[in-house]
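Trainee:
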Ligand code: NAP
């Protein structure tokens, strides 16, 4: 951890593959911080996202480095490498338990994309997860809210109160689009921090 750890009562975990991190993620995290009164948001790039074990991703340490560069200018943000250091699939329950040990007494909010959150019933130890952590599901423009509410309806009644959603227009930016732009030599300026863009260029990422 690069920034000071202190006692906090409301804490956000920004979970994602971040391949690469972009302004949509940063705006979502800042929006969640403000809306939910979070004192700190910790960005935790997934080492091996459990649902992407057979998909080729950029090396975890490179995704972590891009995340570190992206959050550097926001005093409320920090990055942690716990998921890339933990062997095996990056199960969210293991991460939330570890964060809860590091920040005893903090209410943890796990922020991620709505598509991911509404698959939560298939996640490891979901009942325990929902009992110790609240979820903020970030949606992008054009996201099918009816479908989202239908999926939300499939969550156990007891847990519905722990899943919130947040519309984030800046999430029109997507990692998939950025990777394709780089591959095709099209501009990515203003879609992600310049430091991240420079890192992508100087390390020849997404060019294959
Ligand atoms: P994903 O399936 O790649 O993402 C789904 C959608 O959400 C994409 O449109 C993505 O856009 C967006 N998104 C991803 N992270 C976001 C964030 N932090 N804020 C706003 N939008 C976001 O999801 P993923 O990134 O691989 O996984 C999301 C998180 O859920 C990870 O932390 C992962 O470890 C966790 N997860 C846990 C389990 C489990 O414990 N069993 C299972 C699945 C996922 P971009 O492509 O532009 O990012």
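Residue numbers (my numbering): 1306 to 1513.
Glycine residues also receive a C-beta, built at the ideal position from the N, C-alpha and C atoms.
1. Looking at the unbroken beta strand (DSSP E) that takes in residue 1470, where does it start and where does it end?
2. Would you mind giving the Cβ-Cβ distance between residue 1347 and residue 1385, rounded to the nearest angstrom? I have them listed as a contact below 8 Å.
3. Would the stretch 1506–1513 and the stretch 1483–1496 be scored as touching if the rule is three or more Cβ pairs under 8 Å?
4. I'd like the span of the alpha helix (DSSP H) that includes residue 1339, first residue to last.
5. Which stretch, first to last residue, makes up the alpha helix (DSSP H) that contains residue 1453?
6. Give me the DSSP bridge partner(s) of residue 1321.
7. Give the C-beta separation of residue 1388 and residue 1441 to the nearest angstrom, bearing in mind that I take them to be a contact with Cβ-Cβ under 8 Å.
8. Indicate, with yes or no, if the ligand NAP has a heavy atom lying under 7 Å from the CB of residue 1476.
9. Taking just the CA atoms, how far does residue 1335 sit from residue 1415?
10. Please confirm if the stretch 1324–1340 is in contact with the stretch 1491–1501, defined as three or more CB-CB distances below 8 Å between the two stretches.
Mentor: Result, derived from the coordinates:
1. Taking the chain shown and counting its residues from 1, the one referred to as residue 1470 is at position 165. Residue 1470 -> beta strand (DSSP E) spans 1468–1472.
2. Walking along the chain shown from the start, residue 1347 turns up at place 42. Walking along the chain shown from the start, residue 1385 turns up at place 80. Correct: roughly 5 Å between the Cβ atoms.
3. yes
4. As a working mapping, residue 1339 is identified with position 34 in the chain shown. Residues 1328–1340.
5. Within the chain shown, the letter at position 148 stands for residue 1453. Note, residue 1453: alpha helix (DSSP H), 1450–1458.
6. On the chain shown, position 16 is the one that residue 1321 refers to. In the DSSP output, where bridge partners are listed per residue, residue 1321 has 1350.
7. Walking along the chain shown from the start, residue 1388 turns up at place 83. Walking along the chain shown from the start, residue 1441 turns up at place 136. About 18 Å separates the two Cβ atoms, so there is no contact after all.
8. Within the chain shown, numbered from 1, the residue matching residue 1476 stands at position 171. Yes, the ligand NAP has a heavy atom inside 7 Å of this Cβ.
9. The residue labelled residue 1415 in the question sits at position 110 within the chain shown. The residue labelled residue 1335 in the question sits at position 30 within the chain shown. Going from the Cα of residue 1415 to the Cα of residue 1335 covers about 13 Å.
10. yes
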